[in-house]
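Student: Numbering (this note's numbering), first residue to last: 379 to 486. Below you'll find the structure I mean.
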Amino acid sequence: HDKGSGCQIEELDLSGNLVGEGAQVLRVLTSYVQNHRSQKLSGVVRGSLWEAPLHTLVLSSNGLDQGKTWLEIIAMLKRDALGLKSLDLSSNHLALKEDDYDSDIIVS
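Here it is, written out as C-alpha cells:
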C-alpha cells in the first residue's frame, strides 16, 4: 500500500467467500495489527504514524465453523487490537459448548 496514495479501506466485505478455517484471513488481520495498529496500541510513535482506518469487517457466510479463526478474531477484538466498530460473523454456524475451553475466550 502506498501511504501517499490516499487510498484507505474503511469497510471490507468478504461475505460469501467460503474461507473455511480462515487461516489466510487470520494471517492478514495479524499483519494489519502488527504493521498498522501496533504503534497506536503500544503508545510509542516513531516517525509519522499511519493508521489504516478499517472500522467494518464483514465475514458472514464463510464457513468459519470449520476452524477456530473466529475465536482468534474475537480475542483481537477484546484486546482492541483491530479497532473495529462493526464485525459481522453471521451465517457461519458458530457455536460454543458450555463446557468448551474456547468459551473462556468469549467470556473472559
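Beta carbons: idealized from backbone N, C-alpha and C, even for Gly.
Buried or exposed: where does ILE451 fall if 16 or more other Cβ atoms within 10 Å of its Cβ makes it buried?
Tutor: On the sequence shown, position 73 is the one that residue 451 refers to. That one is buried.
Student: Would you report the Cα separation of HIS414 and LYS456, rounded to the nearest angstrom?
Tutor: By 1-based counting over the sequence shown, the position of residue 414 is 36. By 1-based counting over the sequence shown, the position of residue 456 is 78. Cα to Cα, the separation comes out at about 18 angstroms.
Student: Determine the burial state of ALA459: buried for a count of at least 16 other Cβ atoms within 10 Å of its Cβ, exposed for fewer.
Tutor: On the sequence shown, position 81 is the one that residue 459 refers to. When all chains shown are included, ALA459 counts as buried.
Student: Following the continuous beta strand (DSSP E) through GLU450, name the residue where it begins and the one where it ends.
Tutor: Here residue 450 refers to the residue found at position 72 when the sequence shown is read from its first residue. Segment 447–456 is the alpha helix (DSSP H) holding GLU450; no beta strand (DSSP E) there.
Student: Just to confirm my understanding: we take GLY400, look at its own chain, exclude 5 residues before and 5 after, and list those with CB closer than 6 angstroms. What are they?
Tutor: Start at 1 with the first residue of the sequence shown, and residue 400 comes out as number 22. LEU442, GLY445 and THR447, listed in sequence order.
Student: What is the DSSP secondary structure of SER439, reduced to helix, strand or coil?
Tutor: Counting from one through the sequence shown, the residue named residue 439 turns up at place 61. Here SER439 sits in coil by DSSP.
Student: Taking C-alpha atoms, which residue in LEU462, LEU404, LEU474 and LEU396 lies nearest to PRO431?
Tutor: To locate residue 431, count along the sequence shown from 1; it is residue 53. It is LEU462 whose Cα lies nearest to the Cα of PRO431.
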